[in-house]
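Single-structure report; data block below.
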Amino acid sequence: MKHLSAFIFGGLFGTGLVIAGSTDTEIIQGWLDVSGRWNPAVAFMFASSAGVMAIAWRIARRRRHALLGAPMPARAAGRVDPALVVGSLIFGLGWGLAGICPGPSLAALTFGGWKSAVFFAAMVTGMLIARPVTRRMNSAVAKAPVPA
Amino acid sequence: MQEQWIDALAGGTLAGLASLGFLLVNGRITGVSGLLGGLIDGSAVSDRGERAAFLAGLVVLPGLYAAYSGAQTHATGSVAILVAGGLLVGFGARLARGCTSGHGLNGMSRLSPRSLVASAGYVLAGMAAVALLRHWGAL
Chain W
121 MKHLSAFIFG GLFGTGLVIA GSTDTEIIQG WLDVSGRWNP AVAFMFASSA GVMAIAWRIA
181 RRRRHALLGA PMPARAAGRV DPALVVGSLI FGLGWGLAGI CPGPSLAALT FGGWKSAVFF
241 AAMVTGMLIA RPVTRRMNSA VAKAPVPA
Chain S
12 MQEQWIDALA GGTLAGLASL GFLLVNGRIT GVSGLLGGLI DGSAVSDRGE RAAFLAGLVV
72 LPGLYAAYSG AQTHATGSVA ILVAGGLLVG FGARLARGCT SGHGLNGMSR LSPRSLVASA
132 GYVLAGMAAV ALLRHWGAL
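So the protein lines, in turn, are chains W and S. First residue of the first sequence? That's 121 in the numbering used here, and the numbers climb one at a time after it. First residue of the second sequence? That's 12 in the numbering used here, and the numbers climb one at a time after it.
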């Protein structure tokens with residue numbers, strides 16, 4: 121059951137991305153273009169999706185388990201550390217260069233042609249290259265004392 | 012185009028509802044880099060099937076919609092930029108433990124400090140990259 125719902129939610133999420141124009145690099149880069157031809161579309165996309173999610177979190181906060189039984193995700197925790205700052209800047213650089221990020225990358229795989237495939241392959245490679253770093257961070261998180 | 016902001020609102024609402032569903036029904040966050048990264052680098056242990064199902068839906072269903080809508084990516088034809096962009100996005104997302112869907116959508120909507128900082132980083136660096144591309148005449 122959870123696999124069916126996961127599939128459906130993934131599909132609706134991706135379809136929302138396409139409708140909103142997130143899979144269109146011109147729209148993404150238009151929003152990141154502060155020089156003159158600024159396109160505010162992405163801001164509307166984030167505002168509406170974040171607005172819905174803010175409601176979702178309020179509902180989730182009052183529950184210990186999701187509908188299908190899994191525990192709700194833990195509270196947002198963790199300090200702002202150098203890896204976060206550096207990682208976000210590196211990510212942003214790539215995002216601005218290509219106009220593509222993970223969600224839209226997958227959502228466009230079936231219709232984005234070879235360009236989509238090349239970006240996706242490179243993205244997966246980048247994730248694999250990060251594996252030693254990810255492992256170290258995961259073990260540090262696992263060993264970290266749980267805040268009271 | 013004038014309808015673009017309507018599409019952005021509609022698509023954003025749909026994506027938000029899908030994320031709401033994934034959270035309240037599956038108890039999971041629609042952080043794509045986390046879902047994908049955990050699968051491909053083996054760090055996800057117990058929930059591989061659920062991650063794969065979400066990602067499969069994310070790939071397949073938008074394709075059906077795009078066939079009807081004729082959506083285009085308008086991606087660059089420069090292999091160098093696609094490769095460089097992909098490497099940076101993949102590596103950076105793992106380092107930051109999240110991407111625009113994880114930190115940007117799910118994290119910011121619950122005012123997570125890490126996510127606010129990460130999102131600021133994404134946008135600032137993204138704007139710098141686009142400014143660079145414009146400066147080089149590549150955009």
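Where is the CB? At the ideal position from N, CA and C, for every residue including glycine. Note that the structure is a prediction, hence the values are computed from the model and not measured.
Check: Alpha helix (DSSP H) segment containing residue 216 of chain W, residue limits; Outcome: 202 to 218
Check: Distance between residue 76 of chain S and residue 194 of chain W (C-alpha atoms, nearest Å); Outcome: 34 Å
Check: Exposure label - residue 118 of chain S; buried when at least 16 CB within 10 Å; Outcome: buried
Check: When W/259, W/257, W/251 are compared against residue 53 of chain S, the one with the closest alpha-carbon; Outcome: W/251
Check: Within-8 Å CB hit, residue 268 of chain W to chain S; Outcome: Low confidence applies here, because residue 268 of chain W scores a pLDDT of 47, under 50, leaving its location unreliable; read the following figure in that light. Not closer than 8 Å to any Cβ of chain S, the Cβ of residue 268 of chain W fails to qualify, so no.
Check: Between the CA atoms of residue 133 of chain W and residue 249 of chain W - distance to the nearest angstrom; Outcome: 27 Å
Check: Residue 76 of chain S: contacting residues in chain W (beta-carbon distance under 7 Å); Outcome: 135, 138
Check: Residues from the stretch 243 to 264 of chain W in contact with chain S, defined by Cβ distance under 8 Å; Outcome: 243, 244, 245, 246, 247, 248, 249, 250, 251, 253, 254, 255, 257, 258
Check: At least three beta-carbon pairs within less than 8 Å, the stretch 15 to 30 of chain S to the stretch 124 to 131 of chain S; Outcome: no
Check: Cβ-based contacts, 9 Å cut-off: residues of the stretch 184 to 200 of chain W near chain S; Outcome: 185, 186, 187, 188, 189, 190, 191, 192, 193, 195, 196, 197, 198, 199, 200
Check: CA-to-CA distance, residue 38 of chain S to residue 233 of chain W, given in whole angstroms; Outcome: 33 Å
Check: Rounded C-alpha distance that separates residue 122 of chain W from residue 188 of chain W; Outcome: 7 Å
Check: Under 9 Å (Cβ pairs) to chain A, residues found in the stretch 61 to 73 of chain S; Outcome: Absent here is chain A; the protein component of the structure consists of chains W and S.
Check: Buried versus exposed, by CB contacts within 10 Å (16 or more), residue 159 of chain W; Outcome: buried
Check: Residue-level contact to chain W via CB, residue 94 of chain S, 8 Å cutoff; Outcome: yes
Check: 9 Å Cβ cut-off: residues of chain W touching residue 57 of chain S; Outcome: The premise fails here: residue 57 of chain S is roughly 10 Å from chain W at the closest Cβ pair, so nothing lies under 9 Å.
Check: Pair within 8 Å by beta-carbon distance, residue 87 of chain S and residue 218 of chain W; Outcome: yes
Check: As assigned by DSSP and simplified to three states, the class of residue 252 of chain W; Outcome: helix
Check: Buried/exposed call for residue 213 of chain W, threshold 16 Cβ in 10 Å; Outcome: buried
Check: Supposed close pair residue 140 of chain S, residue 211 of chain W - CB separation, criterion 8 Å; Outcome: Not quite, the Cβ-Cβ distance comes to about 10 Å (not below 8 Å), so this is no contact.
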